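Positions 1 to 285 (my numbering) are the ones given, in order, by the sequence shown. Every residue, glycine too, gets a C-beta built ideally from N, C-alpha and C. It should be emphasised that the depicted structure is a prediction, and the values quoted were computed from it without experimental measurement.
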Amino acid sequence: MRRVTLRCAARLVFAALWLLVEVCRAETGTPSLAERVIWAVNAGGDAHTDVHGIHYKKDPLEGKLGKASDYGVRLPILRSSPEDQILYQTERYNEDTFGYEIPIREEGDYILVMKYAEVYFAQSQQKVFDVRLNGHVVVKDLDIFDRVGHSTAHDEIVPFSIKRGKLSVHGEVSTFNGKLTVEFVKGYYDNPKICALYVMKGKLEDVPKLQPHPGLGKREEEEEEEDDGEGGESEKKSTSTAPKNPVRSGPRTPNPYATDNSSLMFPILVAFGVFIPTLFCLCRL
């Protein structure tokens, strides 16, 4: 009888604690990170739930568009937790522009997080492409290796908002029809790609940060110091962080000296230079 009483008391205590947790959660009204994610995909790979509880679906473009690759599975990915390296080891790429359509039914502030890692090329200016959001260029000339190096996680984070049927991103506004189209734009260098991506409700500070990278720490600190400076310093930053070899679209400009005929004129000028003094001397004789 005593054992039964203790068991009932334990159940009552557990129920009371659970009810207390639910009440506190309802009062705070703050959903977890995973609950704020409305759409997530592991591009080129299978479904995966990360350490934050975000559930990434299997790639819906499988067998429809582009090519899936798991070439990066053989490599450890820096800046990523061991449990979530698969998000950066698989990818989808295409020989032309491609993308995903994401349904969004509610207005509010959102964040698009795109995950990348360069697992093939070992130098910059090999894979460079843009990212568009409903026609707006939100990432220009993305060179993953140039940003973080080889086999290293890199997240591109794009905040945007949807209000009164309008999409606002990077100071640009357009009509929103209920679908967010994320496109990876074919550029001059190789093929565009994506490793994983998700859309969540919230602000920039709500997005989980990648682990620090020793090789990038100094540069990031310098960028933060320049952000705190005045206008002249910010202009210096924009100049110093510009790519050394900027990407140029279209065909290469022909060599302007290819049709120069100055080499043909040189012997003629020399002949005139010799002939005139000689003629002058003969006339004096």
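Asked: Opening and closing residue of the beta strand (DSSP E) in which Leu33 lies; Found: Taken as a continuous stretch (DSSP letters only), Leu33 belongs to no beta strand (DSSP E), being part of the alpha helix (DSSP H) at Leu33 to Arg36.
Asked: Leu61, DSSP secondary structure in three states; Found: coil
Asked: Segment limits, alpha helix (DSSP H) that includes Val335; Found: With the chain represented from 1 up to 285, any question about residue 335 goes unanswered, as that position is not in the structure.
Asked: Exposure of Pro103, with buried meaning 16 or more beta-carbon neighbours within 10 Å; Found: exposed
Asked: Gly63 to Arg92 span [Cα, whole Å]; Found: 11 angstroms
Asked: Stretch-stretch touch, CB-based, cutoff 8 angstroms, three pairs: the stretch 41-54 with the stretch 65-72; Found: yes
Asked: DSSP state of Gly108 mapped onto helix, strand, coil; Found: strand
Asked: Rounded separation between Glu107 and Val119 - CA only; Found: 37 angstroms
Asked: Meets three-Cβ-pair contact criterion under 8 angstroms: the stretch 156-176 and the stretch 122-129; Found: no
Asked: Interface flag, Ile77 vs chain C, CB-CB below 8 angstroms; Found: In the structure shown, chain C cannot be found, because there is only a single protein chain.
Asked: Within 8 angstroms, strictly: CB atoms of His213 and Leu112; Found: no
Asked: Helix, strand or coil at Arg74 according to DSSP, with G and I counted as helix; Found: helix
Asked: Residue range of the alpha helix (DSSP H) that includes Leu204; Found: No alpha helix (DSSP H) contains Leu204, which DSSP labels as neither H nor E.
Asked: Per DSSP, the bridge partner or partners of Val137; Found: Arg132
Asked: Cβ-based neighbour list, Glu95, same chain, cut-off 6 angstroms, excluding 5 preceding and 5 following; Found: Asn191
Asked: Top-ranked residue by Cα proximity to Val51, from Ser80, Ala196, Pro31 and Thr90; Found: Ser80
Asked: Whether Leu133 touches Val182 by CB criterion (8 angstroms); Found: yes
Asked: Integer Cβ distance of Leu75 from Ala153, believed to fall under 8 angstroms; Found: With 8 angstroms as the limit, Leu75 and Ala153 do not qualify as a contact, their Cβ atoms being about 11 angstroms apart.
Asked: Proximity to Ile157 [Cα-Cα], best of Leu204, Gly165 and Leu33; Found: Leu204
Asked: Alpha-carbon spacing of Pro246 relative to Gly149, whole angstroms; Found: With a pLDDT of only 37 at Pro246, under the threshold of 50, the placement of this residue in the model should not be trusted; the figure read from the coordinates follows. C-alpha separation (whole angstroms): 18 angstroms.
Asked: Where the alpha helix (DSSP H) containing Leu87 begins and where it ends; Found: Ile86 to Gln89
Asked: C-beta contact flag for Phe98 and Gln123 at 8 angstroms; Found: no
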